[in-house]
Amino acid sequence: MTALEELNRTILLCRDYVVDALSDEEICQCFQSRKVLCVSDLRNLSSHSGQTALVTLVSLLSRMGMQVGLSIPEVALLSPQPPLLGQSVRESLIASGETLVTGATVRCDSDFNPEMIFVLGNTEIGSSHAVSWRLCGTDWQGALSMEKTAGSQPWAAEWPVGSMVSAALAANEAFKFVMRCLPLRDQAARVFFEPSRSCDWNFGSVPLPKGSVDLGQVDVISAGAISQASLYAVMRFPRVQMRGRIFDDDLTAASNLNRNMLSVVTDVGTSKVQVVARCCGTKLQFDPVPKRFFGNSFEVRELAPRVLVGVDDIPSRWEVQRHTLGWVAVSGTSHFSISSSAHSPNEPCCGCLHPVDDPAGANPIPTVSFVSFWAGLAMAVRLLREVLASPYSPDRQHLWLTPLRMDQPRAAMWLPVAPRHDCPVHCMTSRLL
Amino acid sequence: MTIIVERKFAVEIVYNGVTKSLQVEPEEQVTALLQKAIAAFGITQQPHLLSLFRQDGSIVTENESVELAGLKPGEILLLRPNAVKGGGGLLRLARNIVQTTFGTLRECGRGECECAVYWTGPASEDLIDGFEHPIHKRSPFCYEVDDDWLTEFWKRLAASKRSVKVQVHTHPSEAFHSSSDDMWPIVSQADFVSIVIPDFAIGEPSLDRAWVGRLQVDGKWRCLGSAGEAVVLT
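These protein sequences, in sequence, are chains A and B. Add 1332 to a position in the first sequence, counting from 1, and you land on the number used in this note's numbering. Add 350 to a position in the second sequence, counting from 1, and you land on the number used in this note's numbering.
#1: Decide if P1486(A) is buried, meaning its Cβ has at least 16 other Cβ atoms within 10 Å, or exposed.
#2: Return the first residue and the last residue of the alpha helix (DSSP H) that Y1564(A) is part of.
#3: Between the segment 1507-1523 of chain A and the segment 1531-1540 of chain A, are three or more C-beta pairs nearer than 8 Å?
#4: How about A1353(A): is its C-beta nearer than 7 Å to some C-beta of chain B?
#5: Using 7 Å as the threshold, is the C-beta distance between P1415(A) and C1611(A) below it?
#6: Nearest to E375(B) by alpha carbon, out of F550(B), L443(B), V416(B) and H527(B)?
#7: In terms of residues, what are the limits of the beta strand (DSSP E) holding S1672(A)?
#8: Taking just the CA atoms, how far does C1681(A) sit from P1723(A)?
#9: Could you give the DSSP three-state label for D507(B): helix, strand or coil?
#10: In or out: A1353(A) buried (at least 16 other Cβ within 10 Å) or exposed?
#11: H527(B) and V546(B) look like a contact to me (Cβ under 8 Å); what is the Cβ gap, rounded to whole Å?
#12: Pull out every residue of the segment 440-473 of chain B whose Cβ sits closer than 9 Å to any Cβ of chain A, in chain order.
#13: Hey, quick one: how far does the alpha helix (DSSP H) through C1362(A) stretch, first residue to last?
#14: Counting only beta-carbon separations shorter than 7 Å, does P431(B) have a partner in chain A?
#15: Checking contacts by CB at 7 Å: is V434(B) closer than that to chain A?
#16: Taking 7 Å as the CB-CB limit, is E502(B) close to chain A?
#17: Would you say L1709(A) faces chain B, with C-beta separation under 7 Å as the test?
#18: Figure out for me which residue from P1735(A), R1341(A), G1642(A) and R1575(A) has the closest Cα to the Cα of K1604(A).
#19: Chain A beta carbons: is any one of them nearer than 7 Å to that of S408(B)?
#20: Closer than 6 Å by C-beta to P1726(A): which residues in its own chain qualify, once you throw out the five before and the five after it? Chain order, please.
#21: If we define contact as Cβ-Cβ less than 7 Å, is V582(B) a contact residue for chain A?
#22: Quick check on this structure: which residue in A1636(A), A1743(A) and L1389(A) has the alpha carbon closest to the alpha carbon of L1432(A)?
#23: Contact check, L1386(A) vs C1370(A) under 8 Å by CB: the rounded distance?
#24: V368(B) CB to nearest chain A CB: under 7 Å?
#25: What first and last residue would you give for the beta strand (DSSP E) that runs through R1466(A)?
#26: Would you kindly report the start and end of the unbroken alpha helix (DSSP H) that includes T451(B)?
#27: Nearest-angstrom Cα distance between A1750(A) and I409(B)?
#28: Do L441(B) and D498(B) have their C-beta atoms closer together than 7 Å?
#29: So, does the CB of Q395(B) fall closer than 7 Å to a CB anywhere in chain A?
#30: Can you confirm whether G392(B), when its beta carbon is compared against all beta carbons of chain A, has any partner nearer than 7 Å?
#31: Would the beta-carbon of V1608(A) fall within 7 Å of that of I1578(A)?
#32: Quick check on DSSP: helix, strand or coil for F1444(A)?
#33: Any idea what DSSP makes of V1545(A), helix, strand or coil?
#34: Verify whether the separation of the beta carbon atoms of S1559(A) and A1488(A) is less than 7 Å.
#35: Listing by chain order, which chain B residues have their CB less than 7 Å from the CB of V1621(A)?
#36: By a C-beta neighbour count over all protein chains shown, 10 Å radius and 16 as the cutoff for buried, is A360(B) buried or exposed?
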């Protein structure tokens, strides 16, 4: 197994814009040779949100093949951070080196000499020639800025949605740094890879109960990148419980490691549902169903009241929508963009949003860690809001988000879903047209 | 004095999170606007899959003018992939067709022989509003369409500007596509739809138990999850 195999889909995504003459090996090498330093003091690592921001960022960087350096104190993990193992943040992160993508190391060297630095919260840092960003945020909002001074607030939030947002924003900047090192076919495309001086994203706050949050029975269709990103996020929500089934007939492949947030190198060849069920542990209890979802099969019987769909195959999304009487959330990616939506029985369904099969769907899909992660995170937030009876309003039924330039006012667009007379699911709203 | 009224206006196109302003004229075709947008962003990867979407989530129809499409000055349009373009769209099926088809297949096959019909419609539309029952030889295991009838049928379709949208035939028991079904569809173009009805069509007049497949660009048949992925009743 080589990094070239593992980063195959990331390289494919780069090919949207890099010159054709560049070999896969050259693109791969460009990612692997990048050195990124992550810095935090004790205060910023003493909260679950701060720890989650750092762990998520290091994971997203490693899954792009980059070399990560750490300048952090030793501090105990406040909550488990699967798939990482260990008792302390630093120990766990160093141990994750080369386990997410071959050759992607994580270390604590004093002579690291980074090209990029990511700083948590209000951590003080010395002067450096490297470009640096600061990750800040609250429970639901994450931000990134090039501010050198530590005027920001320390990480202190209990809920880690904002921290995962900030990590995804940071990983995007690291990706664009690489793209700026590569020759592009069309110079007009440079605009997509310009650095963001500051950007943020807010999923919107939700009133939270004091006690535990039971997400109830949830079925998950696909154990691939988006479902894994979603469950990665859900398992980091404090005091949350969930039960259900996860359907997928696929085995973990080397080319999945660039984005499957719960998978490690040694999982290659193992059933994806087994990997997820093992990683979720007792907090999220999943019965792994190592079969492709077919609505009328014996194994399915009846779908749970809430279903998460992370499958790329569009007809499979329709199949789920046809066989559920409850709520369905669907997330997917298309090159650098994500599409995330939720569908209650009285709303236009996923067939209205994705009306016809995508012929390119069967081909290898170009993806990168942070884009798939955004898709999963958005779905996790939708699930939580649905359970807490605070779903997004109908004009936010669909989120189209391209994380490349989150400093731009229309990087993300909330949209309603228009019912279609030719809805392939023949959902209730389409029949009323 | 002649007053020239400037009718051009700008719309905002969003792609990959970046916004660009493009000038349009009311008479301009939406297709031309789409091409301008694709060129402005330098998109070379699968540009044919892209469409423009309004902020209410609806797609901007391409085969009409900017004015007819209702685009307004300053309107924000999202440029994003639309799978509709790449794959076969849904065929609109007149309600009586399924019932009539089953009647013909039963009457001809008498519960003991295979039979076939072809669903037809206007060549320029995704509408099925007619069907043809070919002259054919029949047996419990196959059917063979008469060559002369077929020649005459093609001439008739050309003259009336109609086309075959779907082929439908029966099997003795299980519905599936045999190797000869794969090899010899009446139309060999990508997106052509084939439906196989089980039990010589003596069951309920419904497509629920039918095998439904769509011909791919690589010449292979793709089995669809249900008839609803190929046709919608109108």
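Note that CB positions come from ideal geometry on N, CA and C, so glycine has one too.
Inspection of the coordinates gives the following:
#1: buried
#2: A1557 to V1566
#3: no
#4: no
#5: yes
#6: V416(B)
#7: S1669 to H1675
#8: 15 Å
#9: For the record, residue 507(B) in the displayed sequence is Leu; it is not Asp. Helix.
#10: exposed
#11: 6 Å
#12: L440 and R442
#13: D1356 to Q1364
#14: yes
#15: Its pLDDT being 37, under 50, V434(B) is placed unreliably by the model, and nothing is read from it.
#16: no
#17: no
#18: G1642(A)
#19: yes
#20: P1748
#21: yes
#22: L1389(A)
#23: 6 Å
#24: yes
#25: V1463 to G1469
#26: N446 to G459
#27: 9 Å
#28: no
#29: yes
#30: yes
#31: yes
#32: coil
#33: strand
#34: no
#35: Within 7 Å Cβ-Cβ: nothing; V1621(A) doesn't reach chain B, min ~18 Å.
#36: exposed
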